[in-house]
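One structure is given below, encoded as structure tokens.
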Amino acid sequence: MLVDDFVIQRGETGISKRVMHVRNAPSPAATSSLAIARSLADEARELFEFPEPAQRDSV
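Every number in the working numbering is 60 more than the matching position in the sequence shown, counting from 1.
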């Protein structure tokens, strides 16, 4: 039984802190790929402290 649609993990030290692992990505994901991409981009922005984009288009 999957509790989460997908799990995002990041390393704790060294270069692994700059890697984001996405596990349990649903398949086929074509119907939800844009929503998944938006979620992953938001997570990466938070994890890696990227600046907020100037404008976000709705998906």
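Backbone N, C-alpha and C define an ideal beta-carbon position, used for all residues, glycine too. The structure displayed is predicted, hence computed values, not measured ones.
(request) Check the DSSP bridge columns for GLN115 and list the partner residues they point to. (result) For the purposes of this step, residue 115 is identified with residue 55 of the sequence shown, where counting begins at 1. None; GLN115 has no bridge partner.
(request) Measure the C-alpha to C-alpha separation of LYS77 and LEU94 and round it to an integer number of angstroms. (result) Against the sequence shown, residue 77 aligns to sequence position 17. Against the sequence shown, residue 94 aligns to sequence position 34. When rounded, the distance between both Cα atoms is 25 Å.
(request) Pull up the distance between the alpha-carbon of LEU62 and that of ASP102, whole angstroms please. (result) Position 2 of the sequence shown, counting from 1, holds the residue named residue 62. Position 42 of the sequence shown, counting from 1, holds the residue named residue 102. Annotation note: pLDDT 48 at LEU62 (below 50); position unreliable, no value reported.
(message) Can you list, in chain order, the residues of its chain with a C-beta nearer than 8 Å to that of ARG70? Leave out the 5 residues immediately preceding and following it.
(response) To locate residue 70, count along the sequence shown from 1; it is residue 10. Answer for ARG70: SER76, LYS77, VAL79, MET80, HIS81, LEU107, listed in chain order.
(message) Taking the alpha carbon of ASP65 as the reference point, which residue from LEU100, GLY74, GLU72, THR73 has its own alpha carbon closest?
(response) Locating residue 65 in the sequence shown gives position 5, where the first residue counts as 1. Of the listed residues, the one whose Cα sits closest to ASP65 is LEU100.
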